[in-house]
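Report on the structure given below.
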Amino acid sequence: MLLPLVVLMHYLKGEETGIYYIDSTKLAICHNTRPSSNRVFNKISKIGKSSYGWFLGFKLHLIINNKGEIMSVKITKGNKSDLSMASVISKGLSGKLFGDKAYISKKLFHQLLSNGLRLFTNLRKDMKTYLLHIEDKRLFNRPLSKLVKVVQNYKCQRSN
Numbered sequence: 001m002l003l004p005l006v007v008l009m010h011y012l013k014g015e016e017t018g019i020y021y022i023d024s025t026k027l028a029i030c031h032n033t034r035p036s037s038n039r040v041f042n043k044i045s046k047i048g049k050s051s052y053g054w055f056l057g058f059k060l061h062l063i064i065n066n067k068g069e070i071m072s073v074k075i076t077k078g079n080k081s082d083l084s085m086a087s088v089i090s091k092g093l094s095g096k097l098f099g100d101k102a103y104i105s106k107k108l109f110h111q112l113l114s115n116g117l118r119l120f121t122n123l124r125k126d127m128k129t130y131l132l133h134i135e136d137k138r139l140f141n142r143p144l145s146k147l148v149k150v151v152q153n154y155k156c157q158r159s160n
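Residue numbers for the sequence shown, in the UniProt record's numbering: 1 to 160.
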């Protein structure tokens, strides 16, 4: 049953440009006030935490290229960490990967670097600053909004 979906995703995969953006978003299946009365996806959905608070449902992990084309996508239970999924969905990619603070990890950085993918993230307040090439800084500041637009378009289509 999933084979047609896998084939479709293979053909819809975007062009490998060497510049990628990673993020995840929640896919809540019910309102926070009544997660215990939910019966849809009762066995497979989990309670997770996003930057906006707690939710019951799933997470959509997504990598796009600098043209806004989807490179990799995975849907997991809501309690799955962004860090644990980053190395899984970035397999086969090489170049530069830009993400938010959820992907800050030395272990992940070195793991991706050994696979040919350099990870760029924002800094936490307690971290030392590092110099970025001017081109990398320009790439880093601009397109996370592009990823947000792709996710918002998906969510709008899903709710219609």
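A virtual CB, placed ideally from N, CA and C, is assigned to each residue, including glycine.
- In the three-state reduction of the DSSP assignment, Phe-41 falls in the coil class.
- Secondary structure of Leu-62 (DSSP, three-state): strand.
- Distance from the CA of Gly-99 to the CA of Leu-119, rounded to the nearest whole angstrom, comes to 7 Å.
- The secondary-structure analysis by DSSP pairs Gly-68 with nothing; it has no beta-bridge partner.
- Lys-59 and His-31 have their alpha carbons spaced roughly 15 Å apart.
- The alpha carbon of Val-73 has as its nearest neighbour, out of Ser-105, Ile-22, Gly-95 and Phe-55, the alpha carbon of Ile-22.
- The continuous beta strand (DSSP E) containing Leu-97 extends over residues 95 to 98.
- In the three-state reduction of the DSSP assignment, Ser-84 falls in the helix class.
- Met-9 and Gly-53 have their C-alpha atoms some 31 Å from each other.
- Between Gln-111 and Ser-90, the gap from beta carbon to beta carbon reaches 7 Å or more.
- For the 7 Å CB-CB criterion, Ile-19 and Gly-95 form a contact.
- For Ser-114, the enclosing alpha helix (DSSP H) starts and ends at 106 to 114.
- If you draw a straight line from the Cα of Ser-50 to the Cα of Leu-3, it is about 31 Å long.
- Closest in alpha carbon position to Lys-26, among Glu-16, Tyr-103, Asn-79 and Lys-106, is Asn-79.
- Scanning Leu-97, Phe-109 and Thr-76 for the CA closest to the CA of Ile-44 turns up Thr-76.
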